[in-house]
Amino acid sequence: MTDYRRIMSLLLEGRSYREIGAITACSQTTIRTAKRVIDAEGLPLDRVRRLTDAEIAGLFPDGRSRVKGEYDDPDFARVVTSFKKNQHFTLLQGWRSYTSRRSVLRKYGYSQYCALFNAYVRKHDLTAVLKHEPGKTMFIDWAGDTIDLVDAITGTTTKAYLFVTVLPYSGYLWCRAFTDMRMPAWITAHVGAFEFYGGVPQLLIPDNALTASQRRERGDATRWVTDRYQQLADHYGTSVFPTNVRSPKEKAAVESGVNVVNKRVIGYLAEDVWTSLDDLNAAIGERVREINHDIRRVDGSTRWERFSLEEAERLGPLPADGFEEVEWRELKVQRNSHVTCDSQHYSVPYEHVGKLIRVRLTSSRVTGFDGQQIVCEHPRLLGRKGQYSTEATHLPDEYRNVDGLWSREWFLRRAGAYGPATALVIELLIDGRALEAQGFLDCRNVLDGLGKHNKVRLEAACQQIIDTGMTPSYTAIKRLMAVIDSDTKKPAPRRPAASTRKSSVRFEDTDGVARSGSAAPAGALVRGAEYYRRLDEQRGR
């Protein structure tokens, strides 16, 4: 659902249309609509922020809820015919032809037009007609199985998810691993697939992914393509046709491709230890090449041969510029001259320490802005969390001589107050990085996060790290402190309670006279029950 309140707020803050589109994943048309409402109503920023949902709905009425008779019905039979005759025909062309047709009735918007076309195709069972022609379709899905990525330092594991595409006519496959299945990965994967194939099919058929399509209302049979995904399709001149989750026929081709990836990619690679996403993707590329080029099917051809001879030239051309997912954030430059984004750290010139800068994130780059000026630019870090991208020129020549910045001496002086073991571990954390500044955030987290109220346990955990020769890290110290804390809280073993029953004990005085009682007289010789049992047996003989 379009967040008009946020769009209007960003407009009133002076953000550009490009920035607003990247932040809210909405179209330029939607932003212009919001701008017209602001101008017509004379809304200031504080008023926009106080608008209720009902007031927002009143400002932006949904024309789709009106009576169907008010709208001109598209000729979808003609659209299907155009798809079959013209390999470069797209739904966008069909919609433009529809809107240019004269009529007294209202016209459907593009997203509504696409949703109605998808429903028409399903209703008339035309999916096979549109799919299995060369260059016509690309099926898309995430493989159900995953591969573990292991942090080489801490040993912790994260999952890598495999994105799979297949051209059903030739069976030509492409696959790549990502650390999540969110929209940026979804967009980046599509761009990579188009570049791999060297062209664009007419239809994209995603298998029910939430990043691709959603239902406007619960129980609604019609699936709507998400705004950002539609923007990608428009950029590449293709159309999106989400599969029906209940239709096995629509899912057969992509599920076949996923099964091949599960067996011949994941099955081969899952047993190995992968510490780098780049290394994993390189290995996946080798496996996919073998599937496409070396494995022959029943007719004796390979996927590559059929693709190159019959399908490649039928794909649409790639646009001059690739589509790029853009996200904007406002981040504070920390005292180690870095900003932190998605658990990764990027250096910024130290003159900006303490300031808020705007950061632009794409699939491959991280760029920092102070106003309109670029102050830093880094390749985007992926995979293991806690990595650093540091430009040495962003750091002062002598860190300790700059007021307000963290330094080696500052951390060692603080750690010394905790104990010698803590001081040594802090020194190891700093020395373990290529540049000292890359270790400062870990030092801060250990001293302020773990040791603020647990100095004794922190010192004990650091001593264990030194004694065992472990590589120091925030995670390792935290784990050891938890173990120490658990051990100190264990209750002491309970001693058995003394018996309250009085027992009759026989005593023998020094004069040889035996007596009974619960306490021994002074000077008495105490003999156990066994002694008297044997004595009674001897007397009875």
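Quick note: the sequence shown uses numbering that gives the first Met the number 0, first residue 0, plus one each step.
Quick reminder that beta carbons are idealized off the backbone N, C-alpha and C, glycines included.
Remember, predicted model here, so these are calculated numbers, not experimental data.
DSSP places methionine 137 within a strand segment (E or B) once states are collapsed to three. When only Cα atoms are considered, leucine 360 and serine 346 end up about 15 angstroms apart. Between the C-alpha atoms of glycine 191 and glycine 370 there is a straight-line separation of about 32 angstroms.
Going by C-alpha positions, alanine 436 is about 16 angstroms away from tyrosine 473. If you ignore the 5 residues before and after histidine 344, its C-beta comes within less than 6 angstroms of the C-beta of His337, Tyr387, all in its own chain and listed in chain order. Annotated as proximal: serine 8 and valine 47, with beta-carbon spacing under 8 angstroms.
Runs of the alpha helix (DSSP H) lying entirely within the segment 273–301 and spanning at least 4 residues, in chain order: 276–292. Taking glutamate 69 as reference, the option from Arg105, Ile37, Val79, Gly41 with the minimal CA-CA separation is Arg105.
Counted as a single uninterrupted DSSP element, the alpha helix (DSSP H) harbouring tryptophan 409 occupies residues 407–415.
Straight across, the Cα-Cα distance linking lysine 84 with valine 272 is about 50 angstroms. If you compare the alpha carbons of Val163, Ser485, Phe410 with that of asparagine 335, the shortest gap goes to Phe410. With a 10 Å radius around the Cβ and a threshold of 16 neighbouring Cβ atoms, histidine 189 comes out buried. Rounded to whole angstroms, isoleucine 429 and leucine 479 show a C-alpha spacing of 20 angstroms. For glutamate 329, the closest alpha carbon among the candidates Asp2, Tyr3, Arg4, Arg14 is that of Arg14. Excluding sequence positions up to five before and after alanine 459, its CB lies within less than 6 angstroms of the CB of Ile483, all in the same chain and listed in chain order. Counting only residues of its own chain and dropping the five nearest sequence neighbours on each side, alanine 24 has a CB closer than 7 angstroms to the CB of Asp226, Arg227. Counting along the chain, glutamate 40 sits inside the alpha helix (DSSP H) bounded by residues 27–40. Here proline 183 is buried. Its C-beta has 16 or more other C-beta atoms within 10 Å. Within the same chain, Val332, Asp369, Val374 come within 7 angstroms of histidine 351 by CB-CB distance, once the 5 residues on both sides are set aside.
For phenylalanine 177, DSSP records a beta bridge to Tyr160.
Every alpha helix (DSSP H) stretch that sits fully inside the segment 289–361 and reaches 4 residues is listed by chain position as 302–305.
Where glycine 367 is concerned, the enclosing beta strand (DSSP E) starts and stops at 364–369. Per DSSP, glutamine 463 is one residue of the alpha helix (DSSP H) stretching across 454–467. For glutamate 376, the enclosing beta strand (DSSP E) begins and ends at 372–378. In the displayed model, serine 388 falls within a strand according to three-state DSSP. Between the segment 284–294 and the segment 147–161 there are fewer than three inter-stretch CB-CB distances shorter than 8 angstroms, so the stretches are not counted as touching.
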